[in-house]
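Here the protein sequences come in this chain order: A and B. Going by the numbering used here, 57 is the number at position 57 of the first sequence; the sequence numbering is gapless. The numbering used here runs 1000 ahead of the 1-based position in the second sequence. Before any comments, here is the structure.
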Amino acid sequence: IAGITQAPTSQILAAGRRMTLRCTQDMRHNAMYWYRQDLGLGLRLIHYSNTAGTTGKGEVPDGYSVSRANTDDFPLTLASAVPSQTSVYFCASSQEGQKYNEQFFGPGTRLTVL
Amino acid sequence: DQQVKQNSPSLSVQEGRISILNCDYTNSMFDYFLWYKKYPAEGPTFLISISSIKDKNEDGRFTVFLNKSAKHLSLHIVPSQPGDSAVYFCAASWGSNYKLTFGKGTLLTVNP
């Protein structure tokens, strides 16, 4: 693999169910991020991790949790999904000292909560 | 409070003409600015960026201009091509803070 991979590509989920979106990067970047993209709202940061073992809250963290057990993986968990979490989710990564804090994005996961 | 604003949700231009996408920001701490391009069903990809110590950065057909006093930046695409049709996001960051703050995006359509 090269870059960032996300799984699944898309998912339809019943409300109340638990769901984990997976994200793996092979660039050895120290920082990783989860965004959601909604029509008319752009990209909003959910959670981030500056380095393995640490995480932080973004703009819209409620209803989501993350973990960063190692450098490569950054899963996003919806403990009990609600319809307002229907969105396209993007994982991204960046490296400290990288020019202009450029972030590299995965292809996204389209999640529908019914 | 939206710190990065893209006030035009969409823009339509003819092939060969100039496309100008605008972005305004409110946080004077921002010192790096980036433009991302996004095609449908794909993740955003980095396009061009500029540091606050500059007022212009050029890369081929793409030029970004920064007016710090007006807290305004713009992306110029010359000449525009149909393959440039995409959503363009403006983003900003400051200092050693890794996080980017994104605007809502502008959908550019370049008509053949």
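By construction, the Cβ of each residue, glycine as well, lies at the ideal position given by its N, Cα and C atoms.
For a contact defined as C-beta to C-beta under 7 Å, what are the partners of residue i on chain A?
{"i": "L1120 of chain B", "result": "This structure gives no information on residue 1120 of chain B, because the portion of chain B shown stretches from 1001 to 1112."}
{"i": "G1105 of chain B", "result": "G42"}
Show which residues of chain B have a CB atom less than 8 Å away from the CB atom of residue i.
{"i": "G53 of chain A", "result": "Those do not exist, as G53 of chain A stays about 15 Å from chain B at its closest Cβ, beyond 8 Å."}
{"i": "S67 of chain A", "result": "Residues of chain B passing the Cβ test: none, with the nearest at roughly 18 Å."}
{"i": "S94 of chain A", "result": "Y1098"}
Determine the contact status of residue i and residue j, defining contact as a CB-CB distance below 8 Å.
{"i": "S1028 of chain B", "j": "S1080 of chain B", "result": "no"}
{"i": "Q1006 of chain B", "j": "T1101 of chain B", "result": "no"}
{"i": "T109 of chain A", "j": "L21 of chain A", "result": "yes"}
{"i": "I1077 of chain B", "j": "F1065 of chain B", "result": "no"}
{"i": "V1044 of chain B", "j": "F1089 of chain B", "result": "Val is not the amino acid found at residue 1044 of chain B; the sequence shown has Pro there. A contact, by the Cβ cut-off of 8 Å."}
{"i": "L78 of chain A", "j": "I46 of chain A", "result": "no"}
{"i": "Q6 of chain A", "j": "P107 of chain A", "result": "yes"}
{"i": "M32 of chain A", "j": "F90 of chain A", "result": "no"}
Quick one: is residue i near chain A, going by C-beta distance under 8 Å?
{"i": "F1046 of chain B", "result": "yes"}
{"i": "E1042 of chain B", "result": "yes"}
{"i": "S1093 of chain B", "result": "yes"}
{"i": "F1062 of chain B", "result": "no"}
Could you tell me the boundaries of the beta strand (DSSP E) in which residue i lies?
{"i": "H29 of chain A", "result": "From DSSP, H29 of chain A is part of no beta strand (DSSP E); its letter is neither H nor E."}
{"i": "Q25 of chain A", "result": "M19 to Q25"}
{"i": "N1057 of chain B", "result": "K1056 to D1059"}
{"i": "I1018 of chain B", "result": "It is not in any beta strand (DSSP E) - I1018 of chain B carries neither H nor E in the DSSP assignment."}
{"i": "N1067 of chain B", "result": "F1062 to N1067"}
{"i": "I1053 of chain B", "result": "That residue, I1053 of chain B, is in no beta strand (DSSP E); it is neither H nor E in DSSP."}
{"i": "V113 of chain A", "result": "T109 to V113"}
{"i": "T5 of chain A", "result": "I4 to A7"}
Do we get a CB-CB distance below 8 Å when we pair residue i with the residues of chain B?
{"i": "L41 of chain A", "result": "yes"}
{"i": "P107 of chain A", "result": "yes"}
{"i": "N70 of chain A", "result": "no"}
{"i": "L45 of chain A", "result": "yes"}
In chain A, what lies closer than 9 Å to residue i by C-beta?
{"i": "F1065 of chain B", "result": "Residues of chain A passing the Cβ test: none, with the nearest at roughly 16 Å."}
If the cut is a Cβ gap below 7 Å, which residues of chain B does residue i touch?
{"i": "Y89 of chain A", "result": "Under the 7 Å cutoff, chain B gives no residues; its nearest Cβ is about 10 Å from Y89 of chain A."}
Along chain B, in chain order, which residues have C-beta atoms closer than 9 Å to that of residue i?
{"i": "Y48 of chain A", "result": "Y1098 and K1099"}
Mind checking the stretch 1028–1040 of chain B against chain A and listing, in chain order, the residues whose C-beta falls within less than 7 Å of any C-beta there?
Y1032 and L1034
Residues of the stretch 8–36 of chain A in Cβ contact with chain B at a cutoff of 7 Å, in chain order, please. A31
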